[in-house]
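**Q** Here it is, the structure, as structure tokens.
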Amino acid sequence: MIQKKYSEEQERMARFAKAMGHPARMAILQFLARQESCFFGDIHEELPIAKATVSQHLKELKDAGLIQGEIEAPKVKYCINRENWEIARRMFADFFGQPLCKKEGCCR
């Protein structure tokens with residue numbers, strides 16, 4: 001059996017989508033998009049979840065490349081990774097902008 005490979009773009013878009021697949025992560029992204037940068041404590045104060053949970057969500061977003069963190073001892077400062085944000089924005093716009101099937105019998 002021949003195993004088909006996914007394109008690099010499909011893999012990358014799936015990583016972005018998986019990272020955004022939780023409401024807390026969407027809230028973090030929306031919060032950071034409005035900020036120049038912010039510290040972990042600022043993010044934690046915005047969300048109704050435990051610090052350890054916020055840390056895990058930040059790790060997922062950082063691993064996907066949507067945010068970046070910088071240590072300013074003793075704190076960590078986070079911000080949107082602007083380059084990857086733009087890549088994700090274009091990818092999802094292209095994906096959702098593609099024409100849908102208009103043939104009879106297609107799902108509607």
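The sequence shown maps to residues 1 to 108 in this note's numbering. The beta-carbon is built from N, C-alpha and C at its ideal position, and this holds for glycine as well.
Would DSSP call Q35 helix, strand or coil?
**A** In the structure shown, Q35 sits in coil (DSSP, three-state: anything other than H, G, I, E or B).
**Q** Taking Cβ to Cβ, would you say N81 is nearer than 8 Å to G65?
**A** Going by C-beta atoms, N81 is nearer than 8 Å to G65.
**Q** Is it buried or exposed for I43, if we count other Cβ within 10 angstroms and need 16 for buried?
**A** I43 comes out buried.
**Q** Taking C-beta to C-beta, are Q68 and K75 nearer than 8 Å?
**A** It is not a contact, given that the beta carbons lie outside the stated cut-off.
**Q** Answer yes or no: do M91 and M13 have a C-beta to C-beta separation smaller than 8 Å?
**A** Contact flag set, yes.
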